[in-house]
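Protein chains in written order, with my numbering: chain A, 14 to 453; chain B, 14 to 453. Built from N, CA and C at the ideal position, the CB exists for glycine as well.
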């Protein structure tokens, strides 16, 4: 067999890593798939920068057309990122009957439906293992290993930058701004790291996981997201005193005909296996109806882990072709084309426990006023911490609630805005109790 | 499409779970693979016991021939377990051009080569996701998601019974015998749980993982194994004082042209992600050359998790057939047939750190005598704990060493047998330093 021919569009970090793996492990890869994988063309606007890898002469071009129009190219690897241009490249590659491998989570989350339908129409593969969790093969697990199960719960730490920031805030008690500043300086975070810390990146990835779990498009705009930029070391410390850790979680839950899908800072029990996923690591925790709890852990970003996932997609495609496959695997791993979008539960219908930190004046009757408003809104308190010295005339009053409704919480917090005993905005963090299992 | 027809041989725990999933999630499964999966025949010597699932009339037979000879059956699911009979069933099924799905780790570890070659000869699939880690899709990850990598390290907690016992010894300070007795009574362990606690079961699973990682047979007899039955609560406690946890680990490492492959109790840093895998949970930790560290965690045994893996194999096969595939996926996911067996490094060549607990008489000069023998054998000490009161005329003297050679350790321990200052057999536990990553 003459081998499979690859064209890469986008020769940045992940593109260079992909080329490096294909070269370094060429013999191993050929032995595993049964034929050589040949990079035929690499397009990038920048054809001069050193990417730390020696590129064979004649491969690089500044013109993506030379990849898209090259009749030798069997599979186009889209690593440009972003929405419009990347989408155009992918649709044009498909129209040329080329298979597509991409790591583009934003594009899949926001325009996935269009791409999935185009792949089906043209009879080509669209693979995206690298789009979620970097080197963690979570897409493959959902497509295959877990396929016998209804997926009941997904809880993911899907953004490494946020997790790195939260880890340092937790372990070193540092304020958000200081950690971000250092992370940017060290090259661990973009400047500014907006899409990482505001929950957008994690929400993109959650949409992809939920689409795969249910085989339907997920309306990205309906996925609630909140970021970590307003968390303080105080909240992280109080969480610890209650036996919790704060993580930026991407959460999905099957609720009959609706699905919960949301991204926000959340407190989870310190003995939950996700609570100990630290630094830039990612992890995806799942519960299936027969499988029970499962966790996947690894490096969620970076040149080599992400490229490892890109190459695994290329290899899978090569194997399928070698085994005589005549039809492509559907992108969402469901036999039919994606149907009606899944219904996302409105955020105000959420039921969960809550953490509140009130900045209150230090005077008798404050606790009674606050708990009065909560009670009027059907929110019952499970624990209270009141301590610490007065700063600028106020003390922190910290509470955990029993399960309450988000709409009631919103109503209570609005009502409290009028209370003269509060000196600052109230901080609210949702609490995920989770299941205890296997953790000491 | 008329669907794929399944015959099950062995209707015990996992067999009943498989049938239950295929029935309960039939609609979901058909939607995912694009055709119905029909159980046509189930063979078991016991056709009367209640397995907690309603079986359609006419499916059950006491005669395995009725599965093997049924021309309608496309795939035979072997869940008999054990070696000879199971092997005969599998080879006969393959000879009839039926695909095979099995959970039989003992058979794969001890006779895998013969089965892999038979599958290739007959042009059928041999799938075994359920053989390692129960519901954890680690086989699929090695075959596909991690395929771009050289696998440099595998460290697994692969036996749930041992891990349950060690967890209770660690958290409750209980002696081995007492935990085993309770586990047997509660149905968590077999009576006696020999193959679980002596390392055999974990070694079977390790052999399968290593075979997949390198695409070659692994001589099971050369894999070193030691069990947990001689561990005491004292050793577990001392491990904790040094900042370690004791786990039954299955370890493989690539060493150029040789592979380390061994199963034994090992101390790992308390902040290693494997150290916090408790109770009956399994986890597989891997390092790939591009991927970095990865962990897979879940329930490693039990009716439903194991059956979830069996059904995922059946579904994958159904999909492949539906996509027009004409050749089977090779069992070891390498294009060639398995070649020369991988070379296992002899245990005496191992280099690692060690924990020793000496039972010594409480008198001056003892430490100097012991450290003298260690020094003569090129073993250097990194920490010592000497404390606790005298019991029967002896005190525990506990040491951690720097990296040393197993052959030197064996020589030193033999030499010490002659020392009059020791009152009992010396306890030795190997220490895996591991990489620190992502753990607080």
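- With a cut-off of 8 Å on Cβ pairs, the segment 209-216 of chain B is not in contact with the segment 156-163 of chain B, counting fewer than three such pairs.
- Contact with chain A is found for residue 325 of chain B, since one of that chain's Cβ atoms lies less than 8 Å from the residue's Cβ.
- Taking 8 Å as the threshold, the shortest C-beta distance from residue 349 of chain B to chain A falls below it.
- For residue 424 of chain B, the CB contacts under 8 Å within the same chain, skipping 5 residues up- and downstream, are 390 in chain order.
- Around the beta carbon of residue 431 of chain A, a 10 Å sphere encloses fewer than 16 other beta carbons of the protein chains shown; the residue is thus reported as exposed.
- Here residue 319 of chain A is not near residue 29 of chain A, since their CB atoms are 8 Å or more apart.
- For the beta strand (DSSP E) assignment, the uninterrupted runs of no fewer than 3 residues enclosed by the segment 213-279 of chain A are, from N- to C-terminal side, 257-268.
- For residue 157 of chain A, the C-beta contacts it makes with chain B under 8 Å involve 150, 153, 157, 325, 328, 329, in order along the chain.
- Any Cβ of chain B closer than 8 Å to the Cβ of residue 307 of chain A would place that residue at the interface, and such an atom is present.
- Around the beta carbon of residue 238 of chain B, 16 or more other beta carbons sit within 10 angstroms, so the residue counts as buried.
- DSSP, reduced to helix, strand and coil, places residue 432 of chain A outside both helices and strands of the structure shown, so it counts as coil.
- At a cut-off of 8 Å between C-beta atoms, residue 310 of chain A counts as an interface residue with respect to chain B.
- As for any alpha helix (DSSP H) of minimum length 4 sitting wholly inside the segment 311-340 of chain B, the runs are 316-335, ordered along the chain.
- In the DSSP annotation of this structure, residue 349 of chain A is not part of any alpha helix (DSSP H), being labelled neither H nor E.
- Separation of residue 34 of chain B and residue 269 of chain B (C-alpha to C-alpha, rounded to the nearest whole angstrom) is 43 Å.
- Interface annotation for the segment 31-63 of chain B against chain A: 34, 38, 41, 42, 44, 45, 46, 47, criterion Cβ-Cβ distance under 7 Å.
- Between the alpha carbons of residue 273 of chain B and residue 307 of chain B lies a distance of about 19 Å.
- From the beta-carbon of residue 342 of chain A, the residues of chain B found nearer than 8 Å are 332, 336.
- For residue 142 of chain B, the C-beta contacts it makes with chain A under 9 Å involve 157, 158, in order along the chain.
- Look at the segment 152-195 of chain A and you find these whole runs of alpha helix (DSSP H), each 4 residues long or longer: 173-185.
- Within chain A, no residue has its CB atom less than 7 Å from the CB of residue 91 of chain B, the nearest being about 18 Å off.
- With its beta carbon less than 8 Å from one in chain A, residue 321 of chain B belongs to the interface.
- Distance from the CA atom of residue 444 of chain A to the CA atom of residue 291 of chain B, rounded to whole angstroms, is 24 Å.
- Using a Cβ-Cβ cut-off of 8 Å, residue 228 of chain B counts as an interface residue toward chain A, since at least one Cβ of chain A sits closer than that to its own.
- In the displayed model, residue 342 of chain B falls within coil according to three-state DSSP, outside both helix and strand.
- Excluding its 5 nearest sequence neighbours in each direction, residue 322 of chain B has C-beta neighbours in its own chain below 6 Å: 142, 143, 148, listed in chain order.
- Close partners of residue 161 of chain B in chain A (Cβ separation under 7 Å): 34, 38, 42, 321, 324, 325, 328.
- The three-state reading of DSSP puts residue 106 of chain B in helix, counting H, G and I together.
- Between residue 196 of chain A and residue 167 of chain A, the CB-CB gap reaches or exceeds 8 Å.
- Sixteen is the threshold: since fewer than 16 other Cβ atoms of the shown chains lie within 10 Å of the Cβ of residue 254 of chain A, the residue is exposed.
- Between residue 374 of chain A and residue 352 of chain A the beta-carbon gap is near 55 Å, outside 8 Å, which marks them as no contact.
- Runs of the alpha helix (DSSP H) lying entirely within the segment 44-107 of chain A and spanning at least 4 residues, in chain order: 78-81.
- Put simply, the backbone Cα of residue 186 of chain B is about 48 Å away from that of residue 203 of chain A.
- Residues of chain B with a Cβ closer than 9 Å to the Cβ of residue 339 of chain A are, in chain order, 336, 337, 338, 339.
- Taking a Cβ-Cβ threshold of 7 Å, the residues of chain A close to residue 346 of chain B are 45, in chain order.
- Annotation: the segment 364-452 of chain A contains the following complete segments of the beta strand (DSSP E) (minimum length 3 residues), in chain order: 364-374, 394-399, 407-414, 440-444.
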